[in-house]
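**Student:** Submitted below is the structure of interest, expressed as structure tokens.
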Amino acid sequence: MKLIRARDYGEMSRRAANLIFAQVTLKPDSVLGLATGSTPIGIYDCLADWFAGGDLDFGEVTTINLDEYCGLAPTHPQSYRYFMQTHLFGRVNINPARTNVPLGMAEPEAESTRYDALIAGCGGIDMQLLGIGHNGHIGFNEPGSSFERGTHCVELSQSTLEANARFFKEGEEMPRAAITMGMGAIMQAGKILLVASGKEKAGILDKALNGPVTPEIPASLLQLHPNLIIVTGDM
Ligand code: PGA
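For the sequence shown, the positions run 369 to 603 when the working numbering is used.
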């Protein structure tokens, strides 16, 4: 486990983006596992800037996103497909056919099977970017009694609903379920890049990295990953 402590959000974003830069430079056809949420936005801004400056080429990259809300179409402004389009895909030369986000409008069970086959068909993930939820979730693998291996549909926990309500307008209905990559594909990634920013994440990050490995804190399983890099900011 390698822990990099950045001073603030900007430095955290640059440091993490540099690791993705190195990954894509060394292996231009990398399979990147990507994440949404507020934490990775600065990373995507760096990558888009470096692409605009001619330093980075996404032409051969494949991306596989962690999750999507059930019932949201890709064109819905709160969908994770829309998020990725806005923050990264639409700003770099990635081949749209090589970008993958679970389909929120599909039948969840069939979509889970399709997604796991897709990940396997890509030969697995070279580098997986992860944020961490206040309750220790990664992707939408919520606290529970066991680790789920494959892609699956989840009821969002109350804490996640409250944390993510800020992205939805007042009166706008927030989906209560999501489809998420499971812990198996995440743990099989060649490298994991976990980013966390702000003092309010310090407690859960400490529990995840230094406490017992338990499905009550899904991120704790990352302790067992042989190539885990954590970049924190403002902690
Ligand atoms: P955040 O979400 O980056 O918006 O804090 C992280 C997560 O829930 O995985």
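Don't be surprised by glycine CBs; every beta carbon is placed ideally from N, CA and C. Treat the numbers as computed from the prediction; the structure is a model and nothing was measured.
1. Please classify Val392: does DSSP put it in a helix, a strand, or coil?
2. Mind the definition here: the region 451-462 touches the region 421-429 only if three or more C-beta pairs lie below 8 Å; say whether that holds.
3. Pull up the distance between the alpha-carbon of Gly401 and that of Lys537, whole angstroms please.
4. Using only CA atoms, which one of Asp574, Leu371, Asp417 and Pro586 lies nearest to Ala385?
5. Given this structure, state the Cα-to-Cα distance separating Glu328 from Gly499, to the nearest angstrom.
6. Rounded to the nearest angstrom, what separates Phe419 and Phe508 at their Cα positions?
7. Less than 8 Å between the C-beta atoms of Pro543 and Gly405, yes or no?
8. Sort Gly579, Tyr412, Gln446 and Ala545 by Cα distance to Thr528 and report the nearest one.
9. With distances taken Cα to Cα, identify the nearest neighbour of Ser513 among Val392, Pro586 and Tyr412.
10. Can you tell me whether Arg383 is buried or exposed, with buried defined as 16 or more other CB within 10 angstroms of its CB?
11. In the structure shown, what three-state DSSP assignment does Ser398 receive?
12. Jot down the residue ranges of each uninterrupted beta strand (DSSP E) in the region 416-491, minimum 3 residues, whole runs only, in chain order.
13. Taking the alpha helix (DSSP H) that Leu498 falls in, what are its first and last residues?
14. Could you tell me whether the Cβ atoms of Met452 and Thr430 are closer together than 8 Å?
15. Run through the DSSP bridge pairs and tell me what Ser565 is partnered with.
16. In whole angstroms, what is the alpha-carbon distance linking Leu434 and Phe457?
17. Could you tell me the distance, in whole angstroms, from the CA atom of Leu563 to the CA atom of Cys521?
18. What does a CB cutoff of less than 6 Å around Cys490 pick up in its chain, not counting 5 residues either side in sequence?
19. Within the present structure, is the beta-carbon of Ile598 separated from the nearest heavy atom of the ligand PGA by less than 7 Å?
20. Say yes only if the C-beta of Ile500 is nearer than 7 Å to one or more non-hydrogen atoms of the ligand PGA, and no if none qualify.
21. Would you mind reading off the limits of the alpha helix (DSSP H) that contains Ile635?
22. Pro396: buried (16+ other C-beta within 10 angstroms of its C-beta) or exposed?
23. Excluding the five sequence neighbours on either side, which residues of its own chain have a C-beta within less than 6 Å of the C-beta of Tyr437, listed in chain order?
24. According to the neighbour-count rule (16 or more other Cβ atoms, all chains shown, within 10 Å of its Cβ), is Ala374 buried or exposed?
25. How big is the Cα-Cα spacing for Leu387 and Gln496?
**Tutor:** By the coordinates alone:
1. Numbered from 1 along the sequence shown, position 24 holds the residue referred to as residue 392. Helix, per DSSP.
2. yes
3. For the purposes of this step, residue 401 is identified with residue 33 of the sequence shown, where counting begins at 1. For the purposes of this step, residue 537 is identified with residue 169 of the sequence shown, where counting begins at 1. Whole-angstrom Cα-Cα distance: 28 Å.
4. Taking the first residue of the sequence shown as position 1, residue 385 is located at position 17. Of Asp574, Leu371, Asp417 and Pro586, the residue nearest in Cα terms is Asp417.
5. Past the edges of the chain, shown from 369 to 603, lies residue 328, and the structure says nothing about it.
6. The residue labelled residue 419 in the question sits at position 51 within the sequence shown. The residue labelled residue 508 in the question sits at position 140 within the sequence shown. Their backbone Cα atoms lie some 29 Å apart in a straight line.
7. By 1-based counting over the sequence shown, the position of residue 543 is 175. By 1-based counting over the sequence shown, the position of residue 405 is 37. Contact flag unset, no.
8. Translated into the one-based positions of the sequence shown, residue 528 becomes position 160. Minimum Cα distance to Thr528 is reached at Ala545.
9. The count along the sequence shown starts at 1 and reaches residue 513 at position 145. For Ser513, the nearest C-alpha among the options comes from Pro586.
10. If you number the sequence shown from 1, residue 383 lands on position 15. Buried, because 16 or more other Cβ atoms sit within 10 Å of the Cβ of Arg383.
11. As a working mapping, residue 398 is identified with position 30 in the sequence shown. Note: Ser398 maps to coil in three-state DSSP.
12. 430-433 and 435-437
13. Your numbering for residue 498 matches position 130 in the sequence shown. Leu498 -> not in any alpha helix (DSSP H); beta strand (DSSP E) instead, spanning Met495 to Leu498.
14. Locating residue 452 in the sequence shown gives position 84, counting from the first residue. Locating residue 430 in the sequence shown gives position 62, counting from the first residue. Cβ distance not < 8 Å, so Met452 and Thr430 don't count as in contact.
15. On the sequence shown, residue 565 is found 197 positions in, with the first residue counted as 1. Looking at the DSSP assignment, Ser565 forms a beta bridge with Gly601.
16. By 1-based counting over the sequence shown, the position of residue 434 is 66. By 1-based counting over the sequence shown, the position of residue 457 is 89. If you take the alpha carbons of Leu434 and Phe457, they lie about 15 Å apart.
17. Working through the sequence shown from its first residue, we reach residue 563 at position 195. Working through the sequence shown from its first residue, we reach residue 521 at position 153. Note that residue 563 corresponds to Val in the displayed sequence, not to Leu. Whole-angstrom Cα-Cα distance: 24 Å.
18. The sequence position of residue 490 within the sequence shown is 122, counting from 1. The residues are Val399 and Thr430.
19. Start at 1 with the first residue of the sequence shown, and residue 598 comes out as number 230. Not so, every heavy atom of the ligand PGA lies at least 7 Å from the Cβ.
20. Looking up residue 500 in the sequence shown gives position 132. Yes - the ligand PGA has a heavy atom lying nearer than 7 Å to the Cβ of Ile500.
21. In this structure the chain extends from 369 to 603, so residue 635 is not present and cannot be described.
22. Translated into the one-based positions of the sequence shown, residue 396 becomes position 28. So Pro396 counts as exposed.
23. Position 69 of the sequence shown holds residue 437. Cβ within range, chain order: Gly472, Pro543 and Ala546.
24. By one-based count along the sequence shown, residue 374 stands at place 6. Burial call: buried.
25. The count along the sequence shown starts at 1 and reaches residue 387 at position 19. The count along the sequence shown starts at 1 and reaches residue 496 at position 128. Going from the Cα of Leu387 to the Cα of Gln496 covers about 11 Å.
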